[in-house]
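The opening position of the sequence shown corresponds to residue 1 in the UniProt record's numbering, with each subsequent residue numbered one higher. The beta carbon of each residue, even a glycine, is placed where N, CA and C say it ideally should be. The model shown is predicted, which means the values in this text are computed figures rather than measured ones. Structure first, then comments.
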Amino acid sequence: MTAPIARPIPATIAAVVRDGHVLLVRRANPPDENCWAFPGGKIDAGESIEAATVRELREETGVVAEPLYVFDAVDVFDRDEAGALRRHFILIAVLCRWQSGEPVAGDDARDARWIPLADLEGHELATSFGVARLARKAAALMAAA
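This is the structure in structure tokens:
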């Protein structure tokens, strides 16, 4: 068992919406292993939110996108089987405009693909907490852009 992290861990997630689809990865590792989530990861020391977003997106999917702006933030609490807090992530959601590439799973992603926004409304697709809400918000922002 690992000791709890004393402070929240800043991380970024890339919200890329294109043609009624959102780019998601199936997570290969905890938290939320095997769930569909936005590509993203920890922000390295000295790295900007935008640079971390571009890096993580490319590492996990091979897709290149332009980060536009931060549009939300989400708390993720990783707990052990007994409910004790292991890690607390603060996920900074960045709206991104697709530039090139088609998703190919890489790094810690088990799968990567464009998921129809409509598929997020049902419960057939196991997603990380908040994915459907953030995807709807990102789609609305891209439509207005």
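- Unbroken alpha helix (DSSP H) runs of no fewer than 4 residues, entirely contained in the UniProt domain "Nudix hydrolase" (7-139), are found at 49-61, following chain order.
- Distances from the alpha-carbon of P31 to those of C96, I90 and A73 put I90 closest.
- For G106, same chain residues with a beta-carbon under 8 Å away, outside a window of 5 residues either side, are E59, E60, T61, G62 and A112 in chain order.
- When the five nearest sequence neighbours on each side are left out, the beta carbons in the same chain lying within less than 7 Å of the beta carbon of L141 are those of F71 and L95, in order along the chain.
- Nearest C-alpha to T12 among L57, G20 and C35: L57.
- The three-state secondary structure of A145, taken from DSSP, is coil.
- Taking each of P8, I9 and H21 in turn and checking the Cα distance to A132, the smallest one comes out for H21.
- Ranked by Cα distance from C35, the first of D80, K42, V25 and D44 is V25.
- Taken atom to atom, the span from the alpha-carbon of A52 to that of P39 is near 11 Å.
- The Cβ neighbour count for V16, taken over all protein chains shown within 10 Å, is at least 16; the residue is labelled buried.
- Ranked by Cα distance from D75, the options L117, D119 and P10 are led by P10.
- A73 is positioned such that its CB atom lies no closer than 8 Å to that of I43.
- If you draw a straight line from the Cα of G83 to the Cα of A135, it comes to about 28 Å.
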